[in-house]
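Per numbering that gives the first Met the number 0, the sequence shown starts with residue 0, numbered consecutively.
Even glycine gets a Cβ: it sits at the ideal position worked out from N, Cα and C.
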Amino acid sequence: MTIPTTYATLIAAVGEMRERSDAAFVAQVPTFVALAEAKLNRLLRLRVNEVEAPLAATPGSRALALPADFLDPVALFLTTGGQHVPLRPYAAGTLALETAGGVPSAFAVDGDTLQLDRPADAAHSFVLRYRKRLFALAASDPNWLLVNHPDVYLFAALIEAADWENDDNSVLKYDARLKAALAELHGVEGRHKAKAPLTADPGLNST
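Here you go:
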């Protein structure tokens, strides 16, 4: 079996590992990959997941639309004055809401929007640092994970394939191999963080 480096070779590798080339199985393999990606997007928090996006407030509104690929926030900064001023994060339902317009100083993720603590008194600008959905080979082939850690992709897809075949023993085998690969991946990511200076992100300070 060739180590998968593209969407097509990943599809082929799943069939080879399961020793299946029949049309019924082959037709399901893209679904196995999509289910694997959904799991990996939930499990993995990697440095390559973190990106920034500019946002703009509508005067009189307290809502900011989230990017389409948003998973969870890292920090939100007010940039109207040319500097990055961090806003305090709160859990949805715990943010004290002001009725008078002004300069926002806190936020919470609420559904598909960021809710500010008060209506914006001007078209304030913001920068949102967030973790995005990273893995979608159907949209970007190949991607960082497949290029750098093809075993993670393959084992995750094989779990779904074996489950579809009602092969419980193989599900357990591939699940164990996936967990080992993920542990190694997180270890590599942990070393990157350990080399960085120990600082506190002011955007995560909720006091």
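By the criterion of a C-beta distance shorter than 7 Å, residue 78 is surrounded in its chain by 124, 125 and 126, once the five residues flanking it on both sides are discounted. If you draw a straight line from the Cα of residue 161 to the Cα of residue 172, it is about 10 Å long.
As DSSP reads the structure, residue 127 sits in a beta bridge with 52 and 75. The alpha carbon of residue 45 has as its nearest neighbour, out of 177, 34, 170 and 131, the alpha carbon of 131. By the beta-carbon neighbour count (other beta carbons within 10 angstroms, threshold 16), residue 108 is buried. Taking the Cβ atoms as the reference, residue 42 lies roughly 7 Å from residue 181, within the contact range of under 8 Å. DSSP, read as helix, strand or coil, puts residue 106 in strand. Between the stretch 17–34 and the stretch 77–96, the count of Cβ pairs shorter than 8 Å is below three; the stretches do not touch. Within a 10 Å sphere around the beta-carbon of residue 140 sit fewer than 16 other beta-carbons, which makes this residue exposed. A contact is defined here as three or more CB-CB pairs under 8 Å, and the stretch 49–62 meets this definition with respect to the stretch 104–118. Counting other Cβ atoms within 10 Å of its Cβ, residue 48 reaches 16 or more and is therefore classed as buried.
If the five residues before and after residue 174 are omitted, its C-beta is found closer than 7 Å to the C-beta atoms of 158, all from its own chain and listed in chain order. For residue 151, same chain residues with a beta-carbon under 8 Å away, outside a window of 5 residues either side, are 39, 144, 177, 180, 181 and 184 in chain order. Ranking 80, 147 and 53 by CA distance to the CA of residue 69 puts 53 first. Nearest Cα to residue 106 within the set 56, 138 and 167: 56.
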